[in-house]
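Chemist:
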Amino acid sequence: ILNVEQSPQSLHVQEGDSTNFTCSFPSSNFYALHWYRWETAKSPEALFVMTLNGDEKKKGRISATLNTKEGYSYLYIKGSQPEDSATYLCALSGSARQLTFGSGTQLTVLP
Amino acid sequence: ETGVTQTPRHLVMGMTNKKSLKCEQHLGHNAMYWYKQSAKKPLELMFVYSLEERVENNSVPSRFSPECPNSSHLFLHLHTLQPEDSALYLCASSRVQGPQQPQHFGDGTRLSIL
Chain R
6 ILNVEQSPQS
16 LHVQEGDSTN
26 FTCSFPSSNF
36 YALHWYRWET
46 AKSPEALFVM
56 TLNGDEKKKG
66 RISATLNTKE
76 GYSYLYIKGS
86 QPEDSATYLC
96 ALSGSARQLT
106 FGSGTQLTVL
116 P
Chain G
9 ETGVTQTPRH
19 LVMGMTNKKS
29 LKCEQHLGHN
39 AMYWYKQSAK
49 KPLELMFVYS
59 LEERVENNSV
69 PSRFSPECPN
79 SSHLFLHLHT
89 LQPEDSALYL
99 CASSRVQGPQ
109 QPQHFGDGTR
119 LSIL
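Quick mapping for you: the protein sequence lines, in order, are chains R and G. Heads up: the first sequence begins at 6 in my numbering, then just goes up one per residue. Heads up: the second sequence begins at 9 in my numbering, then just goes up one per residue.
(1) Apart from the five residues on each side of it in sequence, which residues of its chain come closer than 7 Å, Cβ to Cβ, to K27/G?
(2) Check the C-beta distance from E108/R over to H39/R and give it rounded, since I have them as a contact under 8 Å.
(3) For T15/G, which residues of its own chain have a beta-carbon under 7 Å away from its beta-carbon, when the five flanking residues on both sides are left out?
(4) Can you tell me whether Q19/R is buried or exposed, with buried defined as 16 or more other CB within 10 angstroms of its CB?
(5) Look at the Cβ atom of S32/R, then the Cβ atom of G76/R, and state whether they are nearer than 8 Å.
(6) In whole angstroms, what is the alpha-carbon distance linking Q90/G and S101/G?
(7) Using a Cβ cut-off of 8 Å, which residues of the region 50–76 of chain R contact any Cβ in chain G, in chain order?
(8) Should H37/G be labelled buried (16 or more other beta-carbon atoms within 10 Å of its own) or exposed?
(9) Around the C-beta of Q86/R, are 16 or more other C-beta atoms found within 10 angstroms, so that it is buried, or is it exposed?
(10) Counting only beta-carbon atoms, is Q111/G nearer than 8 Å to chain R?
(11) Would D93/G and L53/G qualify as a contact pair, given that the criterion is a beta-carbon distance under 8 Å?
(12) Measure from the C-beta of G21/R to each C-beta in chain G and report whether the shortest distance is under 8 Å.
Below, the structure written as structure tokens:
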């Protein structure tokens with residue numbers, strides 16, 4: 006059973022602030038790491054799929070990095086906006102080829 | 009626009025009832041999934057279907073019975089559920105089953121067991 010930890014559990018930032026949060030996972034048995042964005046009353050939306058150590062992906066103001074050797078990924082949001090408020094989920098795909106999700110980081114961006 | 013549609017959005021049922029959750033995807037995907045999210049817990053995978061064949065069953069109680077009649081439709085049949093089965097049930101699909109495949113989720117069915 007894979008253990009995927011996300012921190013912090015929740016986060017409040019002011020509009021315009023940049024922020025980041027962490028996903029930690031066991032570094033062995035790694036195939037891919039997924040980030041999803043889940044707005045309230047909507048469906049989770051895929052942001053990134055990362056597979057290589059040192060990978061860095063970017064989508065607008067959101068970017069993510071991956072360190073498979075030490076077992077962590079960071080998600081960064083630059084210049085947070087109220088519409089960025091959501092729960093950000095990290096999920097690990099191991100040898101079983103199924104996704105194991107973390108509990109998420111709930112981000113609230115205050116206007 | 010999600011591409012994955014789940015019905016109903018909300019369901020309240022008694023422990024002796026039988027009901028079904030429906031999921032439909034219009035993305036041409038070949039893999040479909042059922043997930044459960046209980047309060048304050050991470051998303052848990054329940055079932056995986058690839059090309060209409062079940063490939064994963066994560067020790068889910070037999071009171072949950074999945075059905076995948078074709079690659080576009082997935083059902084979750086429910087019978088004699090327990091109060092602890094109250095949760096959000098999410099359906100997802102991906103182009104194929106694989107570790108690098110992003111999954112597309114529906115909006116979920118919020119299930120309450122009385």
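We put the CB at the ideal spot given by N, CA and C, even for glycine.
Modeler: In short, the structure shows the following:
(1) Translated into positions along the second sequence, residue 27/G becomes position 19. Closer than 7 Å at the Cβ level, and outside the excluded window around K27/G, lie L19, M21 and L86.
(2) For the purposes of this step, residue 108/R is identified with residue 103 of the first sequence, where counting begins at 1. For the purposes of this step, residue 39/R is identified with residue 34 of the first sequence, where counting begins at 1. First, the amino acid is wrong: residue 108/R is Ser here, not Glu. Rounded, the Cβ-Cβ distance is 15 Å, inconsistent with contact.
(3) If you number the second sequence from 1, residue 15/G lands on position 7. The answer, listed in chain order, is K30.
(4) Residue numbering aside, residue 19/R sits at position 14 when the first sequence is read from its first letter. That one is exposed.
(5) Residue mapping note: residue 32/R aligns to position 27 of the first sequence, counting from 1. Residue mapping note: residue 76/R aligns to position 71 of the first sequence, counting from 1. In this structure, G76/R lies closer than 8 Å to S32/R by Cβ.
(6) Sequence index remark: in the second sequence, residue 90/G carries index 82 (1-based). Sequence index remark: in the second sequence, residue 101/G carries index 93 (1-based). If you take the alpha carbons of Q90/G and S101/G, they lie about 27 Å apart.
(7) Those residues of the region 50–76 of chain R placed with their C-beta closer than 8 Å to a C-beta in chain G are E50, A51, V54 and T56, ordered along the chain.
(8) Residue 37/G sits at position 29 when you count from the first residue of the second sequence. Buried is the call here.
(9) Your numbering for residue 86/R matches position 81 in the first sequence. Answer is exposed; the Cβ neighbour count stays below 16.
(10) Stepping through the second sequence from its first residue, residue 111/G is reached at position 103. Cβ-Cβ to chain R under 8 Å: yes for Q111/G.
(11) Reading the second sequence from its first residue, position 85 is the one you call residue 93/G. Reading the second sequence from its first residue, position 45 is the one you call residue 53/G. Not a contact, by the Cβ cut-off of 8 Å.
(12) On the first sequence, residue 21/R is found 16 positions in, with the first residue counted as 1. Answer no: the Cβ-Cβ gap between G21/R and chain G never drops below 8 Å.
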